[in-house]
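So the sequence shown is numbered by the UniProt record's numbering: it starts at 1 and just counts up by one.
Contents: one structure, followed by commentary.
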Amino acid sequence: MRSVIFIISAYFMGSIPFGYIIASMSSGIDVRKVGSGNIGATNVTRTAGPLAGILTMILDVFKGAFPAFLALKSISLEVACAAGFAAFLGHITSPYMGFRGGKGVATALGVTVVLAPKVFIAAVPVGLFLFFITRKVSVASLTGSLAGAIYAVVLLPLPVKLLAVAMVILIFVRHRSNIKRLLSGEEPSFHLKR
């Protein structure tokens with residue numbers, strides 16, 4: 001029963017739309033109606049400024065890391081993976097946003113830092129390298145996520161493998177519009193709002 005409570009609580013914690021809340025409070029904008037329409041840190045940064053974007057990133061990472069950490073320390077790796085996935089799923093299908101949400105990268109990052117720090121170490125340099133080359137956040141997100149999932153599948157325990165594969169599949173699904181724009185050469189580069 002405690003495991004079920006952890007997982008359900010993780011889902012609702014992951015569902016908190018921090019980007020929407022922060023952009024609304026800091027700039028009075030509905031981030032769903034400007035820029036890309038996404039509630040994640042990239043769109044918040046572009047539309048509400050870098051401080052709002054950084055705060056969104058921190059909180060989106062935290063809401064993945066916190067339930068995974070609690071479950072890992074108090075129950076088991078398996079439940080921690082389920083709780084981490086629930087938080088991730090809450091972020092991309094938030095009931096507070098009509099079951100819409102962000103693309104999941106920051107929340108997945110938080111889960112990964114806690115449950116598979118070696119995946120974090122493998123994935124982040126790949127993403128950062130490609131971001132600095134392309135200046136496209138979507139390229140960094142997709143390649144970093146894929147690199148991390150490959151590392152997990154090859155080297156980590158089964159619960160983490162399953163978690164990593166599930167998250168990377170959904171990250172790619174959530175980025176399908178970005179992928180279409182990348183293929184057509186229309187994906188915008190990242191520039192900070194001045």
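Idealized CB from N, CA, C, for every residue including glycine.
- The closest CA to that of residue 167, considering only 25, 103, 135, is found on 103.
- Excluding sequence positions up to five before and after residue 127, its CB lies within less than 7 Å of the CB of 140, 141, 143, 144, all in the same chain and listed in chain order.
- With at least 16 other beta carbons inside 10 angstroms of its own, residue 109 counts as buried.
- Here the alpha carbons of residue 12 and residue 32 stand approximately 20 Å from one another.
- Residue 120 counts as buried, since no fewer than 16 other beta carbons sit within 10 angstroms of its beta carbon.
- For residue 160, the CB contacts under 7 Å within the same chain, skipping 5 residues up- and downstream, are 81, 115, 116, 152 in chain order.
- Straight through space, the alpha carbons of residue 7 and residue 138 are spaced by roughly 29 Å.
- The bridge partners DSSP lists for residue 100 are 94.
- Around the CB of residue 74, fewer than 16 other CB atoms lie within 10 Å, so the residue is classed as exposed.
- Within the same chain, no residue comes within 6 Å of residue 2 by CB-CB distance, once the 5 residues on both sides are set aside.
- Assignment of residue 162 by DSSP, reduced to helix, strand and coil, places it in the helix class.
- In the three-state DSSP reduction, residue 138 falls in the helix class (H, G or I).
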